[in-house]
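Data first, discussion second: the structure below is written as structure tokens.
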Amino acid sequence: MIATDSTLELDSLKKELPKVQHAEPLVIDLIRDLGARKGEKEWNISLGMTDNLEFDEYETLIEYEWAPIDRLGLEIELPFTFHSEMRNVTVEAVPANRLNSLKLAGQYTIFVSEKLNTSLAMGYINEFEFSDFKNFGNPLIYGNVYNPFFVAAKRWGRNFHTLVYTGPRIIHHFKTKSTHTAYDINSNIHYMIEGTRNFIGIEFNKSFEHRDFDMTIRPQMRLTISDQTMLGILVGVPIARENQSMSSFLRLIWEPSHKK
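Residue 148 in this note's numbering sits at position 63 of the sequence shown, and the numbers go up by one each step.
Here is the structure:
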């Protein structure tokens, strides 16, 4: 009886913290799930293409996310950008190919309510910006981006999900010792099919910088391929971008099994 009571006590101590399922946007994705549990991990590989009128831009990234403790998510990301010029455009007008940066990020879920179907989180992304391949190493790191952010997400009923991800991006250029700030507000609404992790939705990516406003609307869908693998597909429609046309994006998500 004593052993049984001890086992029950240990089981109660190991009871998992509450977690609300939320639809995660595909472009401005989160650092693991809101309410992440210790041991969770995720690999992402993404491919994207953007028509910048004078040249095409191809983006690819690889990122790894994991939760070392309950409710804390960490991330390492390497984003690359490649370009191809259009006709009648000089080579000089096309940006050089590059490994954009090394991104290191953390996110902590500060509030979870199963009763309200609501989660709140705060986080920080530090982005070391690299020189393009033509000047790689001269210098290696030419700037830094400081990006604190806040996330609020709510599930409405069983199927509808909303999420707001917002915060400033402070861009620091080492050579000129100058900084400037942009402010991002990313809002989303999704419909998730009950009993699955498949969804359809729209992501609104908005940025304010020096009296300039940019917004891209991104209709998207996510499909479950297997218990551990999902595929996200979207298109981008610029609403207030002067030098950008349509874009497309694919995100392959793999969540290895973990011990609870």
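We put the CB at the ideal spot given by N, CA and C, even for glycine.
Remember, predicted model here, so these are calculated numbers, not experimental data.
For residue i, which residues does DSSP report across the bridge?
i: H265; result: I256
i: D305; result: Per the sequence shown, the amino acid found at residue 305 is Gln instead of Asp. Partner(s): G286 and L319.
i: V112; result: Per DSSP, none; premise fails for V112.
i: G120; result: Beta-bridge pairing links G120 to no other residue.
i: K200; result: None; K200 has no bridge partner.
i: T314; result: W339
Between the options, which has its C-alpha nearest residue i's C-alpha?
i: R254; options: A267, W128 and N244; result: A267
i: W339; options: S330, D312 and V320; result: D312
i: G242; options: K200, G208 and I210; result: K200
i: Q106; options: I310, F221 and A238; result: A238
i: V112; options: N137, T145 and R122; result: T145
i: I270; options: E279, F234, R240 and R303; result: F234
i: F289; options: L316, E139, Q192 and L248; result: L248
i: I210; options: I161, S263 and K260; result: I161
i: G158; options: L308, I324, Y250 and K123; result: K123
i: D118; options: E148, V179, I147 and T194; result: T194
i: D297; options: G222, L316, I147 and H265; result: H265
i: V179; options: Q192, D217 and E148; result: D217
Identify the continuous beta strand (DSSP E) that holds residue i and give its terminal residues.
i: E212; result: T203 to F215
i: S292; result: F284 to E294
i: E144; result: F140 to I154
i: N182; result: Neither: N182 is in no beta strand (DSSP E) and is coded neither H nor E.
i: F218; result: Where F218 is concerned, there is no enclosing beta strand (DSSP E), given that its DSSP letter is neither H nor E.
i: N129; result: K126 to D136
i: H168; result: L157 to E170
i: A237; result: I226 to W241
i: I324; result: First-last for I324: undefined, no H or E at that position.
i: L102; result: First-last for L102: undefined, no H or E at that position.
Confirm, please, whether the CB-CB distance from residue j to residue i is below 9 Å.
i: S292; j: G133; result: no
i: K188; j: L163; result: yes
i: R156; j: G120; result: yes
i: S186; j: L337; result: no
i: M306; j: F284; result: yes
i: P304; j: I324; result: no
i: N182; j: F196; result: no
i: F215; j: L184; result: yes
Nearest-angstrom Cα distance between residue i and residue j?
i: I116; j: A190; result: 7 Å
i: S97; j: P153; result: With a pLDDT of only 46 at S97, under 50, the local geometry of the prediction cannot be trusted, and no value is derived from it.
i: H246; j: N202; result: 10 Å
i: L102; j: F213; result: 34 Å
i: H295; j: T281; result: 42 Å
i: Y143; j: S198; result: 40 Å
i: M277; j: W128; result: 22 Å
i: L95; j: T314; result: Its pLDDT being 46, under 50, L95 is placed unreliably by the model, and nothing is read from it.
i: T135; j: S169; result: 11 Å
i: K104; j: S272; result: 21 Å
i: H257; j: N229; result: 5 Å
i: N232; j: G252; result: 7 Å
i: A88; j: W151; result: Because the pLDDT of A88 is 49, which lies under 50, any placement of that residue in the model is unreliable, and the number read from its coordinates should be weighed accordingly. Looking at the two C-alpha atoms, the distance is approximately 35 Å.
i: E125; j: T175; result: 47 Å
i: N109; j: Q329; result: Looking at the sequence itself, residue 109 is Glu, so the reference to Asn does not match. E109 and Q329: Cα-Cα distance of roughly 25 Å.
i: P224; j: L138; result: 30 Å
i: I274; j: N244; result: 11 Å
i: V236; j: G321; result: 22 Å
i: I302; j: I318; result: 14 Å
i: K262; j: E279; result: 51 Å
i: T309; j: K260; result: 46 Å
i: Y149; j: P341; result: 11 Å
i: M300; j: Y250; result: 14 Å
i: F221; j: F165; result: 13 Å
i: Y227; j: I147; result: 22 Å
i: Q192; j: K219; result: 34 Å
i: L316; j: R240; result: 22 Å
Given the structure, does residue i come close to the ligand GDP, in the sense that its CB is under 8 Å from one of the ligand's heavy atoms?
i: H258; result: Because no ligand of any kind appears in the structure shown, any question about the ligand GDP cannot be addressed here.
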